[in-house]
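Heads up: the structure comes next, in structure tokens.
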Amino acid sequence: MQIFVDTPPPPERMAIHLISDNWDDYGFKTTFEVRLHLANLTRIDLGDVKIGFYGQESGERTRSNLEALEDELGRDYVSLGQSISYYEALARLPATVRSEYLRTMRDATHDIEARAHFSSQEVWVTSILRFDSASLALEHAALVLEDAPFHGAPRDFMVRIRAQGDPAIDLRFSFAPANGIQSRIAAIIGYNGTGKTTSLARLALIAHSDQKTRAARRFRSEYGQFVGQAPKFAAVIMVSYSAFDTFELPQNQSKRLGGISGSRKTEVFGYSYCGLRDISSAGVEQLKKPGVLADEATRALSRALKLNRRLTLRALATLRREPSFAQILPDDTSSQWVVESFPSMSSGHKIVICAIFHLCAYLKPESLVLFDEPESHLHPSLLAALMNAMEELLNETGSQAVVATHSPVVLQELPAHAVQVLTNQSGDRVVRGPGIETFGENIGAIVRDVFHLSADATDYHAKLDRLLVGHTAAEVEGLFPLGLGVEAWAYVNGRWREGGS
Numbered sequence: 007m008q009i010f011v012d013t014p015p016p017p018e019r020m021a022i023h024l025i026s027d028n029w030d031d032y033g034f035k036t037t038f039e040v041r042l043h044l045a046n047l048t049r050i051d052l053g054d055v056k057i058g059f060y061g062q063e064s065g066e067r068t069r070s071n072l073e074a075l076e077d078e079l080g081r082d083y084v085s086l087g088q089s090i091s092y093y094e095a096l097a098r099l100p101a102t103v104r105s106e107y108l109r110t111m112r113d114a115t116h117d118i119e120a121r122a123h124f125s126s127q128e129v130w131v132t133s134i135l136r137f138d139s140a141s142l143a144l145e146h147a148a149l150v151l152e153d154a155p156f157h158g159a160p161r162d163f164m165v166r167i168r169a170q171g172d173p174a175i176d177l178r179f180s181f182a183p184a185n186g187i188q189s190r191i192a193a194i195i196g197y198n199g200t201g202k203t204t205s206l207a208r209l210a211l212i213a214h215s216d217q218k219t220r221a222a223r224r225f226r227s228e229y230g231q232f233v234g235q236a237p238k239f240a241a242v243i244m245v246s247y248s249a250f251d252t253f254e255l256p257q258n259q260s261k262r263l264g265g266i267s268g269s270r271k272t273e274v275f276g277y278s279y280c281g282l283r284d285i286s287s288a289g290v291e292q293l294k295k296p297g298v299l300a301d302e303a304t305r306a307l308s309r310a311l312k313l314n315r316r317l318t319l320r321a322l323a324t325l326r327r328e329p330s331f332a333q334i335l336p337d338d339t340s341s342q343w344v345v346e347s348f349p350s351m352s353s354g355h356k357i358v359i360c361a362i363f364h365l366c367a368y369l370k371p372e373s374l375v376l377f378d379e380p381e382s383h384l385h386p387s388l389l390a391a392l393m394n395a396m397e398e399l400l401n402e403t404g405s406q407a408v409v410a411t412h413s414p415v416v417l418q419e420l421p422a423h424a425v426q427v428l429t430n431q432s433g434d435r436v437v438r439g440p441g442i443e444t445f446g447e448n449i450g451a452i453v454r455d456v457f458h459l460s461a462d463a464t465d466y467h468a469k470l471d472r473l474l475v476g477h478t479a480a481e482v483e484g485l486f487p488l489g490l491g492v493e494a495w496a497y498v499n500g501r502w503r504e505g506g507s
């Protein structure tokens with residue numbers, strides 16, 4: 007199988023097309039996009055691979071050494087796909103084609119000798135195995151190529167979050183089964199200004215960063231660190247549809263800290279962003295236009311149906327059980343349907359479509375999803391449908407999620423040990439548990455006991471007091487055709503017995 011670097015191969019020839027990338031790993035430039043051309047004119051986009059050569063030093067570019075390449079990489083080379091999806095794509099090929107490809111590329115998951123030969127090389131440690139997505143691919147590729155399941159229960163972890171000017175806080179995310187309830191979703195709640203969104207943004211960067219970056223003193227002091235054993239995630243997916251989103255993207259953060267250079271639009275080695283931000287722009291203020299969001303949803307659905315059709319159809323079926331989606335989401339949902347229907351959808355439907363299609367397209371086994379305020383723009387039934395579809399995707403891929411939320415509907419689906427409450431006490435941020443069991447609890451109880459919405463924070467008592475001036479309790483109730491609510495009636499009667507005003 008012949009390898010072509012940058013120049014496309016001739017038609018009707020089985021060949022590997024490597025497209026060089028300027029991505030910089032601390033001076034190493036080893037990244038290529040791979041397109042596999044089959045003899046029947048079919049092209050398979052495999053994704054990213056990193057290729058290094060023995061003795062390669064920082065500042066040397068692999069591309070420069072591939073000029074005289076003929077039919078395969080030589081013994082002084084090694085390659086490794088940078089994600090599990092790379093090997094999932096190979097697993098769908100005929101066994102003979104797959105085997106020839108892995109041999110030609112001197113793939114480290116296939117060639118044990120090459121892997122051992124490079125294990126102590128700086129290019130292997132610093133560049134090829136830089137991100138968790140690559141090390142998980144190396145660890146699980148054999149099972150993926152055999153089409154065998156490999157992901158297990160979600161992993162608990164603890165992270166220390168730092169924000170400018172504030173003391174660090176420790177967030178402990180627990181996904182362990184409790185009383186037979188297994189949830190792959192954990193939640194952060196708290197008053198506005200307690201740092202929920204900031205915590206998610208910091209966690210995204212910590213979870214995606216390589217070990218060298220995480221160990222840097224400047225990174226730890228600015229963002230934070232894992233406490234104890236650091237979990238590995240094949241992908242980190244950030245979802246936010248806030249117009250005030252200021253999440254820092256990995257390539258921008260790493261450029262400031264001196265780790266990488268180069269830009270990538272959709273994914274940054276396992277990190278992807280789904281939201282209103284135009285990440286192709288230099289600033290953080292530019293938001294996407296509706297047409298761009300529609301185009302992204304169309305491409306995401308096309309990718310999802312191509313890479314994992316069964317999983318995508320299951321997620322769509324879950325959404326279709328929600329009454330409003332049942333009216334607009336056809337059984338044969340396609341990219342063309344998105345193009346035609348997206349402009350007329352409500353804001354809530356657009357957000358759910360974009361988020362679920364993106365997750366279907368970019369979730370890999372053992373991923374981490376971070377979702378900021380999923381309830382934005384959503385009716386409670388639509389929010390429940392979104393959360394149900396997301397949890398199904400998490401279960402199918404062995405992944406887990408952390409959401410920042412103000413919604414009791416979200417908490418009602420989660421056990422208390424999966425919920426952390428951020429509060430401000432005397433100017434310091436404090437983390438505590440919810441105090442009651444949230445799973446299946448009454449919405450009113452969650453609002454009162456977890457979100458601490460007391461009568462002092464509402465205005466209906468004052469309005470009832472004004473109505474009681476000159477009216478009996480019965481007359482006040484008569485002003486409401488459907489009668490007073492239970493709490494309002496209890497308040498009115500109590501005040502009337504006390505003397506009215």
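Start counting the sequence shown at 7; every next residue gets the next number (the working numbering).
Yeah, the Cβ is synthetic: ideal placement off N, Cα and C, and Gly gets one too.
None of the values given here were measured: they were computed from a predicted structure.
Contacting residues, own chain, Cβ-Cβ under 7 Å from residue i (five flanking each side not counted)
i: T478; result: W502
i: G354; result: H383, L384, H385, L388
i: T508; result: In the structure as shown, the chain begins at 7 and stops at 507. Residue 508 is therefore absent and cannot be evaluated.
i: L299; result: K356, C360
i: Y497; result: H467, L470
i: A213; result: F239, V242, L374
i: D465; result: none
i: S341; result: T304, L307, S308
i: G234; result: M164
From the options, residue whose alpha carbon lies closest to that of residue i
i: H364; options: E145, D82, L307; result: L307
i: N198; options: F457, F486, M393, S141; result: F457
i: G433; options: D176, T200, T36, F181; result: T200
i: I191; options: P440, L376, V427; result: L376
i: M396; options: E346, S248, I359; result: I359
i: T48; options: G61, V103, V84; result: V103
i: F275; options: I243, G281, K294, L293; result: I243
i: A184; options: H423, V165, I90; result: H423
i: V131; options: I167, R168, G61; result: G61
i: Q431; options: L142, I175, T13; result: I175
i: K56; options: G65, R283, V344, R136; result: R136
i: E346; options: L392, G297, L369, A332; result: G297
Rounded straight-line distance, which links the Cα of residue j to that of residue i
i: F250; j: R161; result: 31 Å
i: G506; j: G476; result: Here the model assigns G506 a pLDDT of 47, short of 50, so the residue's position is not dependable, and the following value carries that caveat. If you take the alpha carbons of G506 and G476, they lie about 9 Å apart.
i: G450; j: Q418; result: 11 Å
i: R220; j: D301; result: 35 Å
i: Q170; j: S278; result: 25 Å
i: P155; j: G404; result: 10 Å
i: T318; j: L490; result: 46 Å
i: E520; j: S133; result: Given a span of 7 to 507 for the chain in the structure shown, any question on residue 520 remains unanswerable.
i: D153; j: L108; result: 16 Å
i: F34; j: T115; result: 21 Å
i: I25; j: L374; result: 29 Å
i: H146; j: L86; result: 12 Å
i: A480; j: L488; result: 13 Å
i: D172; j: E128; result: 37 Å
i: S352; j: D338; result: 20 Å
i: A159; j: S70; result: 44 Å
i: D455; j: S350; result: 39 Å
i: I118; j: L142; result: 16 Å
i: E73; j: T110; result: 16 Å
i: G441; j: L206; result: 23 Å
Own chain, CB closer than 6 Å to residue i, minus 5 neighbours either side, in chain order
i: R305; result: none
i: L96; result: R104
i: F10; result: A21, H23
i: A367; result: A306, R309, A310
i: R270; result: Per-residue confidence for R270 stands at a pLDDT of 48, beneath the threshold of 50, marking its modelled position as unreliable; the derived number appears in the next sentence. Excluding positions up to five away in sequence, the list is empty.
Beta-carbon proximity list for residue i, same chain, < 8 Å, skipping 5 on both sides
i: R19; result: Q8, H43, A45
i: S125; result: none
i: L335; result: L322, L325, R326
i: E483; result: G489, L490, W495, V498
Residue range of the unbroken alpha helix (DSSP H) whose run includes residue i
i: E483; result: 479-484
i: A367; result: 353-368
i: S26; result: Not the alpha helix (DSSP H): S26 falls in the beta strand (DSSP E), residues 21-26.
i: S341; result: 341-347
i: G80; result: Premise fails: G80 is in no alpha helix (DSSP H) and is neither H nor E.
i: R104; result: 101-110
Rounded distance between the beta-carbons of residue j and residue i, thought under 8 Å
i: R320; j: E398; result: 6 Å
i: L177; j: V425; result: Not really, about 11 Å apart at Cβ, beyond 8 Å.
i: T36; j: G65; result: Not a contact, Cβ separation roughly 12 Å.
Where the beta strand (DSSP E) through residue i begins and ends
i: N430; result: 425-431
i: M7; result: Counting along the chain, M7 falls outside any beta strand (DSSP E), and DSSP gives it neither H nor E.
i: I194; result: 191-196
i: H43; result: 37-43
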